[in-house]
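Residue numbers (the numbering used here): 44 to 133.
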Amino acid sequence: MNVKPLSDRVLIKPTPAEEVTATGIIIPDTAKEKPLRGTVLAVGPGTKDEAMQVKVGDVVLYGKYAGTEVEIDRETVLIMRQSDILAILG
């Protein structure tokens with residue numbers, strides 16, 4: 044995948060949703076929650092007013108409805124502004 048986001052945009056691969064609960068209950072596709080964490084795949088250069096704080100490889104938390112889903116090389120990824128990211132997990 045050779046994608047370079049523009050401005051303060053970030054490309055994120057969402058972590059797959061849980062298929063089975065801790066107690067062993069299988070979760071059907073219709074009941075799965077949208078993932079709220081993912082791994083940063085690419086980062087834009089930032090803007091003159093805002094430096095980029097995330098880097099490739101960071102695991103981040105983002106809002107439930109943040110970003111836009113796009114399919115690149117048969118893989119679904121999210122592209123969003125850096126400001127949509129809530130936290131970097133460390």
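The beta-carbon is built from N, C-alpha and C at its ideal position, and this holds for glycine as well.
Nearest-angstrom beta carbon gap, residue j and residue i [assumed within contact, 8 Å]
i, j, result
"residue 123", "residue 133", "With 8 Å as the limit, residue 123 and residue 133 do not qualify as a contact, their Cβ atoms being about 20 Å apart."
"residue 81", "residue 105", "7 Å"
"residue 84", "residue 56", "5 Å"
"residue 120", "residue 99", "In fact, because the Cβ distance is near 13 Å, the residues do not count as touching under 8 Å."
Residue environment, residue i, which counts as buried when at least 16 other CB atoms sit within 10 Å
i, result
"residue 96", "exposed"
"residue 129", "exposed"
"residue 48", "buried"
Run of the beta strand (DSSP E) containing residue i, from where it starts to where it stops
i, result
"residue 129", "128 to 132"
"residue 83", "80 to 86"
"residue 104", "102 to 105"
"residue 123", "118 to 124"
Rounded straight-line distance, which links the Cα of residue j to that of residue i
i, j, result
"residue 65", "residue 112", "28 Å"
"residue 102", "residue 52", "16 Å"
"residue 60", "residue 54", "18 Å"
"residue 114", "residue 77", "16 Å"
"residue 127", "residue 89", "14 Å"
Residue i CB to nearest heavy atom of the ligand SAM below 7 Å
i, result
"residue 55", "As presented, the structure is devoid of all ligands, the ligand SAM included, so that no description of it is given."
Which residues DSSP lists as bridging residue i, in chain order
i, result
"residue 56", "82"
"residue 112", "121"
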